[in-house]
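Numbering follows the numbering used here, in which position 258 of the sequence shown is assigned residue number 1391; successive positions increment by one, without gaps.
Data block below; observations after.
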Amino acid sequence: MILINGQQVDTVAFSDRAFQYGDGVFSTVLVKNGQACDWCRHKARLEQNVSALHIEGVDWSLVYQWVDTVADSLKGTERAILKVIVSRGSGGRGYSAAGCNKPTVTVSSHPFPTQYLSWRETGISLSLLEQRIGQSPLAGLKHLNRLEQVMLKREVENCGTEDGVACDMNGHVIETSASNIFWRIDQALYTPLLTTSGVAGTMRAQVISVAQALGYATKEVLETPDSLLKADEIFITNAVMGVVPVHCLEGKNYRDFDASSAIALRLDV
1134 MILINGQQVD TVAFSDRAFQ YGDGVFSTVL VKNGQACDWC RHKARLEQNV
1184 SALHIEGVDW SLVYQWVDTV ADSLKGTERA ILKVIVSRGS GGRGYSAAGC
1234 NKPTVTVSSH PFPTQYLSWR ETGISLSLLE QRIGQSPLAG LKHLNRLEQV
1284 MLKREVENCG TEDGVACDMN GHVIETSASN IFWRIDQALY TPLLTTSGVA
1334 GTMRAQVISV AQALGYATKE VLETPDSLLK ADEIFITNAV MGVVPVHCLE
1384 GKNYRDFDAS SAIALRLDV
């Protein structure tokens, strides 16, 4: 199902700023049997991201109705994906957003990537990617300009691993092509600090909260890939795949999945 401003259509105006400039934000939500998982976090992030970009005119009560409609259409489906896109809407040629106060909201459903289930059971391998992620004042936001991730995914596909680790311009680990990353050394759990690069995922926030409740010292850091190679355990996360352990990084094998297993069990993802 695709709803654009509540209507079942599948086309957006050529003048829409999502197409012209990537001017908008999005969130990708796991749906289980018609229920949008962790919707409160997704909703809060959408609202915060829209506010950060000064997108005006969003009727959130309608957005939530449209989300309920699409989620409800997925009843009887064990797992599926719901994607919400909020664009600033249509405008004239040029970067100025003056007069753009009628946003375009798209809510759509998509099949669940079944490989994620096997990844969670057996783990995945990662490579270190050559492409760097730029620093940006929009760090943390899930905005629509994902060209860096498109190019990162292309490099991953050429590497032959399931995913890859991307660093910022200073060589600090930031994320993978589509996930946040964690690593454990003894009882300390580390994840990249995302103040200048990367996306702050909703699952990342859940993992940090659960890890602290389980007694792990959690730290947001700027570290080079050497820290990953010294780690006892690595795992990656996003809202759709949940918690996925890493069994190999650049030839180093990992067999200790204590933290990722405990966190996944507590989250029931």
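We put the CB at the ideal spot given by N, CA and C, even for glycine.
When the options are compared against residue i, the one with the closest alpha-carbon
i, options, result
"residue 1372", "1397, 1287 and 1345", "1397"
"residue 1178", "1167, 1165 and 1276", "1276"
"residue 1209", "1165, 1353, 1223 and 1249", "1165"
"residue 1182", "1304, 1202 and 1159", "1159"
"residue 1323", "1239, 1361, 1265 and 1280", "1361"
"residue 1213", "1306, 1401, 1134 and 1199", "1134"
"residue 1154", "1299, 1229, 1259 and 1144", "1229"
"residue 1234", "1227, 1221 and 1290", "1221"
"residue 1149", "1190, 1192, 1300 and 1237", "1237"
"residue 1393", "1292, 1145 and 1321", "1321"
"residue 1225", "1146, 1280, 1380 and 1351", "1146"
"residue 1186", "1255, 1247, 1270 and 1244", "1270"
"residue 1217", "1151, 1211, 1248 and 1280", "1151"
"residue 1247", "1170, 1157, 1188 and 1211", "1211"
"residue 1161", "1390, 1357, 1336 and 1255", "1336"
Residue burial classification, residue i (beta-carbon count within 10 angstroms, cutoff 16)
i, result
"residue 1252", "buried"
"residue 1353", "exposed"
"residue 1287", "exposed"
"residue 1168", "exposed"
"residue 1173", "exposed"
"residue 1346", "exposed"
Close beta carbons around residue i, own chain, < 7 Å, minus the five adjacent residues each side
i, result
"residue 1402", "1375 and 1376"
"residue 1316", "1323, 1360, 1361, 1364, 1366 and 1367"
Nearest-angstrom Cβ-Cβ length linking residue i and residue j, presumed shorter than 8 Å
i, j, result
"residue 1266", "residue 1313", "Their Cβ separation, rounded to whole angstroms, is 13 Å, which puts residue 1266 and residue 1313 out of contact at 8 Å."
"residue 1241", "residue 1203", "7 Å"
Contact set for residue i: own chain, Cβ-Cβ below 8 Å, skip 5 residues either direction
i, result
"residue 1343", "1396, 1399 and 1400"
"residue 1386", "1380"
"residue 1388", "1380"
"residue 1349", "1317, 1320, 1321, 1322 and 1392"
Test item: CB-CB of residue i and residue j under 9 Å
i, j, result
"residue 1328", "residue 1364", "no"
"residue 1325", "residue 1331", "yes"
"residue 1299", "residue 1268", "no"
"residue 1258", "residue 1136", "no"
"residue 1195", "residue 1139", "yes"
"residue 1309", "residue 1296", "yes"
"residue 1227", "residue 1260", "no"
"residue 1285", "residue 1262", "yes"
Same chain, Cβ closer than 6 Å to residue i, five either side skipped, listed in chain order
i, result
"residue 1355", "1305 and 1326"
"residue 1206", "1134"
"residue 1199", "1136, 1139 and 1240"
"residue 1341", "1351"
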